[in-house]
Structures are given as structure tokens and as C-alpha cells.
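S.K.: Each residue of the sequence shown is one higher than the one before, counting from 1142 in my numbering. Pasting a structure here, questions to come.
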Amino acid sequence: MTLTWADAEPNAPRDPYVQFSWMLRQRHEPPLGTHIYQPIFVRLHGDDPLAERRELLKEVLDPLSPLLMDPFELELLAARCGPVDPDAGMPDEYALYWKLGTPEDHYVALFNLQDTGTPVALDPTGLNTEMPETSPRPDEIPPEAAAPGPVRPIVAIIDDGIGFLNARFRREDRTRFHAIWLQSLERRGRTPRSVILGEVLTRDEIDDQMLSQGSALSEITVYNALNAKLSLYDGFRSTDHGSTHGTHVLDLAAGADPADGADEVRDWPLIGVQLPPQAIADTSGTKMESYLIQAVRWVLRQAHVIDPTAPVIVNLSLGMLAGPKDGTRFADYQITREAEAWERVKNQPVRIVWSFGNDYRKRLVARLDYERRGKQSIDWIVQTGDQTETYMEVRPIPGQSLKDVSLSLETPAGPASGFGPVPPGCSRDLKLDGKTVGRIYHVPERHLDPETVQRPYYLLALSPTASAFNEPLAPAGTWKLVCRYKGKGPLSLILQIQRDDSLIGYRPKARQSYFDNDKAYGWSEENLDHRKLLPDCVIRHEGTFNALASSTARQVFHTGAAQLAREIGLIVPSVYTGEGAEWAVPGPTAATIADRSRIHPGVKGAGTFSSSTRFRNGTSAAAGRLTRALGLSAARLEANATTPKSYDFDPDKLTIWPVPAPLRSRLGDEVIQPFVMEDAGSLKV
1142 MTLTWADAEP
1152 NAPRDPYVQF
1162 SWMLRQRHEP
1172 PLGTHIYQPI
1182 FVRLHGDDPL
1192 AERRELLKEV
1202 LDPLSPLLMD
1212 PFELELLAAR
1222 CGPVDPDAGM
1232 PDEYALYWKL
1242 GTPEDHYVAL
1252 FNLQDTGTPV
1262 ALDPTGLNTE
1272 MPETSPRPDE
1282 IPPEAAAPGP
1292 VRPIVAIIDD
1302 GIGFLNARFR
1312 REDRTRFHAI
1322 WLQSLERRGR
1332 TPRSVILGEV
1342 LTRDEIDDQM
1352 LSQGSALSEI
1362 TVYNALNAKL
1372 SLYDGFRSTD
1382 HGSTHGTHVL
1392 DLAAGADPAD
1402 GADEVRDWPL
1412 IGVQLPPQAI
1422 ADTSGTKMES
1432 YLIQAVRWVL
1442 RQAHVIDPTA
1452 PVIVNLSLGM
1462 LAGPKDGTRF
1472 ADYQITREAE
1482 AWERVKNQPV
1492 RIVWSFGNDY
1502 RKRLVARLDY
1512 ERRGKQSIDW
1522 IVQTGDQTET
1532 YMEVRPIPGQ
1542 SLKDVSLSLE
1552 TPAGPASGFG
1562 PVPPGCSRDL
1572 KLDGKTVGRI
1582 YHVPERHLDP
1592 ETVQRPYYLL
1602 ALSPTASAFN
1612 EPLAPAGTWK
1622 LVCRYKGKGP
1632 LSLILQIQRD
1642 DSLIGYRPKA
1652 RQSYFDNDKA
1662 YGWSEENLDH
1672 RKLLPDCVIR
1682 HEGTFNALAS
1692 STARQVFHTG
1702 AAQLAREIGL
1712 IVPSVYTGEG
1722 AEWAVPGPTA
1732 ATIADRSRIH
1742 PGVKGAGTFS
1752 SSTRFRNGTS
1762 AAAGRLTRAL
1772 GLSAARLEAN
1782 ATTPKSYDFD
1792 PDKLTIWPVP
1802 APLRSRLGDE
1812 VIQPFVMEDA
1822 GSLKV
């Protein structure tokens, strides 16, 4: 078997991650039939808004059109086609699907194509009468009567594995959930022109489940039945298991004793979106982006029905490592845009809470600095037994260009690509006996709006190194990347390997690749190991944060994780919590305590089923606690606020420690406990 490098050829996909993973999937899991659709997100031009909406609606309803829409988005569009626009002032932006292979310029006269997602196979046999449409209209779910007392925040979670029947999310024998959307991979809807993404359970439907069974309620039986209906054969059924990420995070964010009438948290309404397991299982994180955006749009409209003046706090303990980290990764950009527009038009306060990431020590970020022209190299260790794709991004720091940069990638088996030109909008393949096992993309510049540009970058993509299928594999071992710079002024390149770990509970298919360097094995007094990065090491801690947590908008909060070290009277960064960078965001907004001590990691939260508990750590747990802190401070949350973000935290209800400057890149400006600590004075950061 022979490895060879092909010449560069034109290739400018909207998302190269999606293109490469879809190409590999076709080798061993080809979809049935030709009913393959791709999620897209579009923005109407706005020259004649009403006419454009009506034209789009006409296209979606046309049986010969390549466009489809899920019922929730279709309802939004149809409502805006009437004589009175209920969303006047909101951007004309919509999530749709089009048949795979539709030319990108097919609707150029009607809308701008903003983003595309991973294709899905729809049932070619026709309609799905077993499952309801994705969502009832928001106004079909009656709002719950407001409880007297202080401002009630609305807490929403978008996550994996949400145990919505857990007693921690009830008020005595009634659920606190206004609704929960259990997303699944897309299927045909009840009408020929619709797609459904799982099932929405309303408050009344959840209450019926509980009241009909009373004390005999078997939560696992309910979850088993729902999962059997929603999950395909390859979907991990999180809520069949005793410990779930979403349940734990939501308990930290808004869980309460259902019988404790003195706890104000017990009266907070909840909204949930459980993402498809296949989107969570995608270790690069790119498959979940379209579902995230649709989820946020749905959550905001549900919150408006509950109480159009109440603050809505959306917890997003999800992410990826590699990316632009300047607010232009599409999910980061669009979720921020949704929150800003909602506040501006609806005057309802919105706060988005992201986890800052757990990759501080994983050796996934490197920096190559050039004073002048020259070459620098770095080793990239790709492990055996990795059944998933592996990716690396190469980007200049803001204000610099790739114009004078070329790459050479050498395989463990020997063949190197050389510095053959790969112009923007082109790619170059590594082939094993004629089949692609690697690719170098030069991704061109793209404009998201007149002021927002996704800058060019290189993406290196590799096939799995192991497979249960008879398919060509990329060689495992040490790959060497050489970056050649032929410009005149200084240049800094940031190299980022995409996160590739299998999540807890999911099939362990992935093995994380990493950078290696002889300056990466210093002795660490803190961790008592030889993994300290020496000062002149090209591998860096800076920039090891979640690529979706880079918006600086007033509505968006990023959460780091802190650890108690009571034996020395300190609060310190948790060993895993990511670090900001001078070329991106400088650090998280704030941190909360996610580890009780060095030898007792994690904080206690709910297991999937009532009366069970689990200890979990990570910036996901920290984000849950920051969400709770914002909820307790709800009276201070304002729409279109111009105050600093720190103003949102109520010092009378929380414990707040200031963070010294050297630690702000990992902990933000403050470490916060979502309650008043009696012995807070005995600790400092």
C-alpha cells in the first residue's frame, strides 16, 4: 500500500469539517436512497422583507422545491408573512434544510447562505405518523401563573441527558419544566414538506406522566420508552443510565428540594433541550452546532410565553477546542446575535452561560513565532486505535496574514507533502492506494455580515487510524508539520488540535492526538510530574479554552473552574480549566468552585434518577453554578445593560472573591459561590 500526495485542486466547502467527515462516512455507512438533506441557516436580503418572507414560504411549501423546514421554524416564518409581523425588528434569519447537492448560489437572489451542517438521511417512504411535530406553537403552551415574591428567572439548559422527571426539578407533585425538547436525528414529519427533530413534552404532558403513576412512577421506564422511540440504533441513550451530564449541570444551576417552600429556586421555571446523542458523540463538536442554534431560538420564544419580562438564563456547558476564538465561529456568532437581538427587540433580559473548557494540560495548542522569514516544525502525535477523524487548525494571530505561509506535512511512514502551493479555496489530498486519508484545506475568508469576517486558515484533516470497517486508514505515529514563512515582518502562527475525546458513557472510539516537544517535560512541583512546559516550549497553555466561548457581548458569560485548597487557605484554578490568550479573549468572565479539594474532585449534584447523587467537576459544573448565581441575582439582570458584567452578581446573596491579575486568564475577575459562605474570610484567591 502506497501513500502519495496529490496536487492542490479547487475545494471551498462552507464547513471543511462537515465535508471531510461526510466523505469518510460514505465509505462505510452510505445512506439509503437519495433523500439526503443538509441543515442550512439563511438570512433574507431585506430589500423587501414581507415579499421575501412570502417567497421563502412559497418555496418551502412547493413540493418540487429542494427546501424543507421543521414545524417550529415554519411557524415563525408563516407568522411573519401576515399583515402584522409579531417579530417586527428581529432579523429575518431562518433554519432550513435543502437537498444535498443544491448549488450554493441556487437562492442567491432570495437569501444569503450563512452556514451548513452535517447532512441527514430522511425516511424516503414518506410521512411519520408515530411522532408528533417538533413543537407546538409557543402560545399553545399556557404560561404558569406567576408566583408572588421577587423576580423569577427562567433557567434553560441545552445539554445531553436531562433527567426531567427528577424530583429536584419539581414543585411538590408538579414539574417546573414549561417544556422540554428531546431532539433526535431528523425524520420526515407528518406533512410532506416538514422535518421533525424529536419530540417536545409540555408541562401538562410531564405532569400527566407523574400523576398517572403517582408513587409508582418509574422514571427509568419512561426514559426507556422515550429513548426507544427517539434514538436510532447508533444513539447512546444517556437517560437510561444513572449519571448524566445535563441532569447534573441543571441541578447545580436550578435544582431544589421540591418540598422546601423557603427556597426561592424551587419556583424558577425551567426549559430544556436535550441534543441528539449523535451530535454529542461527534468528538470534534461540529455536528451539534445547527442543533444548538435551533435550540436557542426555541428557548427564547418559550421563555417569552412564560414571562416576557423575566430574565432568561441559558446554560451551554458544551464546546470544542480549535477555532478562530474571536467570536466568528458560526455557533458562537449566531447564538450571541440571537441573544442581542432578543434583548433589543423584546426587551427581555438574556444571559448565555458557556463553560470555558477543560483542556489546559492536553497539549492541544502551540505557537510559532517568526521574527523574519524561516521554517519551524512541530511533532503531532496521532495515536493508534483512534476510530474518529483528527483535525488541526493553523491560524495567524489577528491582524496578520497567511499570504506568505506554506505548509509541509510529513507522515510517520515518510512521504511529505512538500511546500506545494495550496491557494485559498483549494485543498490537497494524501491518498492511500488512490483513496483519501488526509487533506490540507486552505479555507478562504467569509463574511457573516458587513462587519464580521471569518479569517482564512489552514485545516489539516486525517482519517481514523483504526476502524471496524474495511476502509483505508491514516498511519498512526509522529507526524511532522513544517511551517515556512517567506514574509518580511514578524509573524505568529497559532496551531490548535481539535478536541477528540470520547465523552463519559459514550463508546470509547476516540483517542486524542497531541503536540510533542522536548521542552514539554519539565518537573512540575504543583502536579508532581514531568509535564511542565518550559518557558521556551512552543506548546502553550494560552488559548486552551472553548472555541465557542469567545464572544465579548454583554449577554455572554464564560465560566472557569476553581478548586478549594483549604489546607493553605486558598482558592486556586482547577488543574484542567482553560486559559485565555492575548490574541483572543483574555480569560473567562468569572469562575465558580467545581472541586472540593485536590483529592476530592467535583461537586455534588443530582444523578439521573430522583434521590441519587453524583460528584462531577469540569467547567461544565462551574457553569451550572454560575447560572445559579445569576438566577439568585435576577433582580439585577437588565436588558441592553451597559454596566460591567460583574454588576449582575448580587453580593448580598453570593460569596464573591476578587481574583488577582496573574490568575485572571484562568479564573476571570471573580470567583463566585452561589450562596453566602460563613467562613469566606478564611479563604482568598
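All residues carry an ideal CB built from backbone N, CA and C; glycine is no exception.
Hey, is the region 1230-1245 in contact with the region 1173-1185, meaning 3+ C-beta pairs nearer than 8 Å?
M.R.: yes
S.K.: In terms of residue numbering, what span does the alpha helix (DSSP H) encompassing Trp1765 cover?
M.R.: By 1-based counting over the sequence shown, the position of residue 1765 is 624. Reading off the sequence, residue 1765 comes out as Gly, not Trp. Counting along the chain, the alpha helix (DSSP H) containing Gly1765 begins and ends at Thr1760 to Leu1773.
S.K.: Taking the alpha-carbon positions, what's the Thr1730 to Glu1586 distance?
M.R.: Position 589 of the sequence shown, counting from 1, holds the residue named residue 1730. Position 445 of the sequence shown, counting from 1, holds the residue named residue 1586. Their Cα atoms are separated by approximately 29 Å.
S.K.: Which whole runs of the alpha helix (DSSP H) in the region 1348-1415 are 4 residues long or more, in chain order?
M.R.: 1360-1371 and 1386-1395
S.K.: Tell me, which residues are paired with Met1461 by DSSP?
M.R.: Position 320 of the sequence shown, counted from the first residue, corresponds to residue 1461. Its beta-bridge partners do not exist; DSSP assigns none.
S.K.: Indicate whether Leu1808 and Gly1701 have their beta-carbon atoms separated by less than 7 Å.
M.R.: Within the sequence shown, numbered from 1, the residue matching residue 1808 stands at position 667. Within the sequence shown, numbered from 1, the residue matching residue 1701 stands at position 560. Between Leu1808 and Gly1701, the CB-CB gap stays under 7 Å.
S.K.: Can you find the residues in the same chain that come closer than 7 Å, C-beta to C-beta, to Cys1567, ignoring five residues on each side of it along the sequence?
M.R.: Counting from 1 along the sequence shown, the entry for residue 1567 is found at position 426. Answer for Cys1567: Ala1149, Glu1150, Pro1151, Asn1152 and His1583, listed in chain order.
S.K.: Is the separation between the beta-carbon of Ser1691 and that of Asp1473 shorter than 7 Å?
M.R.: Locating residue 1691 in the sequence shown gives position 550, counting from the first residue. Locating residue 1473 in the sequence shown gives position 332, counting from the first residue. Closer than 7 Å, so yes.
S.K.: Counting only runs that start and end within the region 1658-1692, where is the beta strand (DSSP E) found for 3 or more residues in a row?
M.R.: 1663-1665 and 1670-1673
S.K.: How long is the line joining the alpha carbons of Pro1742 and Leu1571, rounded to whole angstroms?
M.R.: Taking the first residue of the sequence shown as position 1, residue 1742 is located at position 601. Taking the first residue of the sequence shown as position 1, residue 1571 is located at position 430. Pro1742 and Leu1571: Cα-Cα distance of roughly 43 Å.
S.K.: Grab the span of the alpha helix (DSSP H) containing Ile1434 for me, first residue to last.
M.R.: On the sequence shown, residue 1434 is found 293 positions in, with the first residue counted as 1. Unbroken alpha helix (DSSP H) run through Ile1434: Glu1430 to Ile1447.
S.K.: Look up Thr1749 in the DSSP assignment and say whether it is helix, strand or coil.
M.R.: Here the question's residue 1749 lines up with position 608 in the sequence shown. Thr1749: coil per DSSP, three-state reduction.
S.K.: Considering only C-alpha positions, which residue in the set Phe1816, Lys1516 and Gly1822 is nearest to Arg1707?
M.R.: Position 566 of the sequence shown, counted from the first residue, corresponds to residue 1707. When C-alpha distances from Arg1707 are compared across Phe1816, Lys1516 and Gly1822, the shortest belongs to Gly1822.
S.K.: Considering Cα atoms alone, identify which of Pro1417, Glu1479 and Val1406 is closest to Gly1230.
M.R.: Here residue 1230 refers to the residue found at position 89 when the sequence shown is read from its first residue. Residue Glu1479 is the option with its Cα nearest to Gly1230.
S.K.: In the DSSP output, which residue or residues are listed as bridge partners for Met1210?
M.R.: As a first step, residue 1210 is located in the sequence shown; it is residue number 69 there, counting from the start. Paired residues: Ser1335.
S.K.: Should Gly1540 be labelled buried (16 or more other beta-carbon atoms within 10 Å of its own) or exposed?
M.R.: As a working mapping, residue 1540 is identified with position 399 in the sequence shown. So Gly1540 counts as exposed.
S.K.: Compare the beta carbon distance of Ala1617 and Phe1161 with 7 Å and say whether it is the shorter of the two.
M.R.: Here residue 1617 corresponds to residue number 476 of the sequence shown, with the count starting at 1. Here residue 1161 corresponds to residue number 20 of the sequence shown, with the count starting at 1. Inclusion of Ala1617 and Phe1161 in the CB contact set at 7 Å is not warranted, their separation being larger than that value.
S.K.: Can you give me the Cβ contacts of Ala1775 inside the same chain, cut-off strictly under 6 Å, excluding the 5 residues immediately before and after it?
M.R.: For this step, residue 1775 is matched to residue 634 along the sequence shown. Answer for Ala1775: Val1292, Pro1294 and Pro1452, listed in chain order.
S.K.: Cutting at 6 Å between CB atoms, please list the residues of its own chain near Gln1475, excluding the five before and the five after it.
M.R.: Numbered from its first residue, the sequence shown carries residue 1475 at position 334. The residues are Ile1434.
S.K.: Going straight from the alpha carbon of Val1491 to that of Ile1298, what length do you get?
M.R.: The count along the sequence shown starts at 1 and reaches residue 1491 at position 350. The count along the sequence shown starts at 1 and reaches residue 1298 at position 157. Between Val1491 and Ile1298, the C-alpha separation is close to 13 Å.
S.K.: Could you check what DSSP says for Phe1698 in three-state terms: helix, strand or coil?
M.R.: The residue given as residue 1698 occupies position 557 in the sequence shown. Strand, per DSSP.
S.K.: When DSSP builds the beta bridges, which residues end up paired with Asp1736?
M.R.: For the purposes of this step, residue 1736 is taken as residue 595 along the sequence shown, with counting starting at 1. According to DSSP, which records beta bridges pairwise, Asp1736 is partnered with Gln1704.
S.K.: Between Arg1769 and Leu1208, how many whole angstroms is the CB-CB distance? I'm expecting something under 8 Å.
M.R.: One-based indexing of the sequence shown puts residue 1769 at position 628. One-based indexing of the sequence shown puts residue 1208 at position 67. Rounded, the Cβ-Cβ distance is 41 Å, inconsistent with contact.
S.K.: Tell me the residue span of the beta strand (DSSP E) that contains His1319.
M.R.: Mapped onto the sequence shown, residue 1319 falls at position 178. For His1319, the enclosing beta strand (DSSP E) begins and ends at Phe1318 to Leu1323.
S.K.: I think Asp1641 touches Ser1633, with their Cβ atoms under 8 Å apart; what is that distance to the nearest whole Å?
M.R.: Taking the first residue of the sequence shown as position 1, residue 1641 is located at position 500. Taking the first residue of the sequence shown as position 1, residue 1633 is located at position 492. Wrong, their Cβ atoms sit about 25 Å apart, outside the cutoff.
S.K.: Could you name the residues of the same chain whose beta carbon sits closer than 8 Å to that of Val1826, not counting the 5 residues immediately before and after it, in chain order?
M.R.: Looking up residue 1826 in the sequence shown gives position 685. Within the same chain, Val1826 has close Cβ partners Ala1703, Leu1711, Ile1712, Val1713, Trp1798, Pro1799, Val1800, Pro1801, Leu1804, Leu1808 and Val1812.
S.K.: Anyone know if the C-beta pair for Val1744 and Ala1764 falls short of 7 Å?
M.R.: Translated into positions along the sequence shown, residue 1744 becomes position 603. Translated into positions along the sequence shown, residue 1764 becomes position 623. Not closer than 7 Å, so no.
S.K.: Return the chain-ordered list of same chain residues with a C-beta closer than 8 Å to the C-beta of Asp1228, the five sequence neighbours on each side being excluded.
M.R.: To locate residue 1228, count along the sequence shown from 1; it is residue 87. Cβ neighbours of Asp1228 beyond the five flanking positions: Leu1217, Ala1220, Arg1221 and Val1486.
S.K.: Near Ala1782, which residues of its chain fall below 7 Å by C-beta distance, leaving aside the five closest residues on each side in sequence?
M.R.: Locating residue 1782 in the sequence shown gives position 641, where the first residue counts as 1. Excluding positions up to five away in sequence, the list reads Arg1695.
S.K.: Quick check on Val1594: does DSSP put it in helix, strand or coil?
M.R.: Start at 1 with the first residue of the sequence shown, and residue 1594 comes out as number 453. Looking at Val1594 - three-state DSSP - the assignment turns out to be strand.
S.K.: Is it right to say Ala1400 is buried, meaning 16 or more other beta carbons lie within 10 angstroms of its own, or is it exposed?
M.R.: By one-based count along the sequence shown, residue 1400 stands at place 259. By the 10 Å Cβ count, Ala1400 comes out exposed.
S.K.: What are the boundary residues of the alpha helix (DSSP H) that includes Pro1190?
M.R.: Here residue 1190 refers to the residue found at position 49 when the sequence shown is read from its first residue. Here the alpha helix (DSSP H) through Pro1190 covers Pro1190 to Leu1202.
S.K.: With a cut-off of 8 Å, do at least 3 Cβ pairs link the region 1496-1504 to the region 1674-1687?
M.R.: yes
S.K.: Output the boundary residues of the beta strand (DSSP E) element that contains Trp1483.
M.R.: Within the sequence shown, the letter at position 342 stands for residue 1483. Counting along the chain, Trp1483 falls outside any beta strand (DSSP E), though it belongs to the alpha helix (DSSP H) covering Phe1471 to Lys1487.
S.K.: With distances taken Cα to Cα, identify the nearest neighbour of Arg1184 among Gln1255, Ala1250 and Ala1651.
M.R.: Reading the sequence shown from its first residue, position 43 is the one you call residue 1184. Cα-wise, what sits closest to Arg1184 is Gln1255.
S.K.: Just how far apart, CA to CA, sit Ile1635 and His1169?
M.R.: As a position in the sequence shown, residue 1635 is number 494, starting the count at 1. As a position in the sequence shown, residue 1169 is number 28, starting the count at 1. Distance between the alpha carbons of Ile1635 and His1169 is about 34 Å.
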